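Following: one structure in structure tokens, then a few remarks.
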Amino acid sequence: MLDRQLIRKEPDRVRELARKKGVEVPIEEFLELDRRWRELLTEVEQRRAKLNTVSRQVGNLMRSGDKPAADRMRAQASGLKESIETIEESLRERDEGLQELELQFPNLPHESVPEGKGEEDNVVVSEWGEKPTLPCEARPHWDIATELQLVDFARGAKVAGSGFLAFIGFGARLQRALISFMLDLQTRQNGYTEVYPPFLVNRKSLLGTGQLPKFEEDLYRLDRDELFLIPTAEVPVTNLYQDEILDGEALPIRYAAFSGCFRREAGAAGKDTRGLLRVHQFDKVELVKFVRPETSYNELESLREDAESVLRALGLHYRVTLMCTGEMGFSNAKQYDLEVWAPGVEKYLEVSSVSNFTDFQARRANIRYRPGYGEKPDFVHTLNASGVALPRLMAALLETYAQPDGTVAIPDALQPYMGGNVIPRP
595 MLDRQLIRKE PDRVRELARK KGVEVPIEEF LELDRRWREL LTEVEQRRAK
645 LNTVSRQVGN LMRSGDKPAA DRMRAQASGL KESIETIEES LRERDEGLQE
695 LELQFPNLPH ESVPEGKGEE DNVVVSEWGE KPTLPCEARP HWDIATELQL
745 VDFARGAKVA GSGFLAFIGF GARLQRALIS FMLDLQTRQN GYTEVYPPFL
795 VNRKSLLGTG QLPKFEEDLY RLDRDELFLI PTAEVPVTNL YQDEILDGEA
845 LPIRYAAFSG CFRREAGAAG KDTRGLLRVH QFDKVELVKF VRPETSYNEL
895 ESLREDAESV LRALGLHYRV TLMCTGEMGF SNAKQYDLEV WAPGVEKYLE
945 VSSVSNFTDF QARRANIRYR PGYGEKPDFV HTLNASGVAL PRLMAALLET
995 YAQPDGTVAI PDALQPYMGG NVIPRP
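Letter by letter, the sequence shown follows residues 595 to 1020 of my numbering.
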């Protein structure tokens, strides 16, 4: 969430920047409720001070032996206590109202983010490699996967419904190989610590990272236990430090986490639904950082390089896109997307979003750090990136490395994990 002081002092700026992200925020309602909250806070502080004065007077009167006067002062103190309790209850109610309003405010975009409303306003900042010259006619990955018996789309849908699939044989092996390869790359080469998080989280955790309340319709929920299946490992990994104060000397903290991800994709009906491009359950390696505020934008660039290292090692052509204000995530201050080229479907596929949330998530999850010994705690900055997401990565691999004889070549970096250099015909 945003700093309340920022909303109070710069309401017009907050409103305008939120609009650039396509969000109308309840500024006037917030400011009016906040004004009343501060009035009540001043009133209760004055009454507490008065109560302290009266309590001291009671003690003085008792010591002087003036019991009738002490009793009158006690009655006054009792009335003050009752009024303080009433005001404190009103304060709690208004604070809860402010918190509900605050949850509707998105993070504000960084000044370097291009203004825009749609994909056409995103800016391609770099490309790596070239679109491959294929040894055979380009084919969509769903045809390749079906012919090589890598994925059983029909039986996956039979078990769980549309948008679910089953990896079979070499398909399952390729999935497992990619996960192991990516975790090894991030932990052995890029300095991350591996963590295996829960796949179920509570409501507080989703509030902390910003998925709730805005995106509840996209989540799978277990009503009996009031738990949610995670849409990304960002949620459990970030919330590992919920309500904690970190040692500033320990920052940055870097985690790499494999998890399943579960998304209802409620607003995506009919969009890229064929093959592996948009499914309800998929695997992903997530990268999460906790950093000092003054380093967060440098850390964003290094995080992007860490995510890119996966695609480079696999020899896949990709581009880096700086997302415009209207295309950014709700919690993001700045976001890059990594898009890998898939020649069979002739399009770039997003396989990673690399994001700086500044202190937005940390405020919601109450994650702070102590800059130095004896210093006042401050909020950390959090960042995350997919490093990277499956199965779109698999789609690009199958389409890029398909061979004329119907097999699929395995990139050098994956061969130790696959136990060979080719996915054979069945």
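Note that beta-carbon positions come from the ideal geometry of N, C-alpha and C, so glycine has one too. This one's a predicted model, so the numbers in the text were calculated from it and none came from an experiment.
Closest by C-alpha distance to leucine 806, out of Phe924, Val879, Ala754, is Phe924. Scanning the segment 599-665 for uninterrupted alpha helix (DSSP H) segments of 4 residues or longer gives 605-614, 621-658, listed from N- to C-terminal end.
Where arginine 913 is concerned, the enclosing beta strand (DSSP E) starts and stops at 912-916. Within the DSSP bridge table, the entry for threonine 787 names Tyr849 as partners.
Within the segment 898-943, the runs of beta strand (DSSP E) that reach at least 3 residues and sit entirely inside it are, in chain order, 912-916, 928-936. Within the same chain, and ignoring the five residues on either side of glycine 869 in sequence, the residues whose Cβ sits closer than 6 Å to its Cβ are His735, Trp736. It is roughly 27 Å from the alpha-carbon of alanine 990 to the alpha-carbon of proline 791. In this structure, alanine 996 places its C-beta atom within 9 Å of the C-beta atom of arginine 733. The C-beta of glutamine 783 has fewer than 16 other C-beta atoms within 10 Å across all chains shown, which makes the residue exposed. Around the beta carbon of serine 890, 16 or more other beta carbons lie within 10 angstroms, which makes this residue buried. Excluding its 5 nearest sequence neighbours in each direction, arginine 642 has C-beta neighbours in its own chain below 8 Å: Ile678, listed in chain order.
Looking only at Gln670, Leu655, Ser672, Ala671, the smallest Cα-Cα distance to alanine 664 is reached by Leu655. Spanning the alpha carbons of glutamate 902 and alanine 851 requires a straight line of approximately 17 Å.
Take valine 974, set aside five residues on each side of it, and the residues of its chain with a beta-carbon closer than 6 Å to its own are Phe884, Ala956, Ile961, Tyr963, in chain order. In the three-state scheme derived from DSSP, where H, G and I count as helix and E and B as strand, isoleucine 1017 is classed as strand. The alpha-carbon separation between methionine 922 and valine 617 amounts to approximately 11 Å. A check of alpha carbon separations from phenylalanine 856 across Leu845, Leu821, Tyr814, Thr867 identifies Tyr814 as the nearest. Beta-bridge pairing by DSSP links asparagine 978 to Val882, Ser949.
When the Cα atoms are used, serine 896 and proline 1018 turn out to be separated by approximately 37 Å.
Under the three-state reduction of DSSP, valine 795 is assigned to strand.
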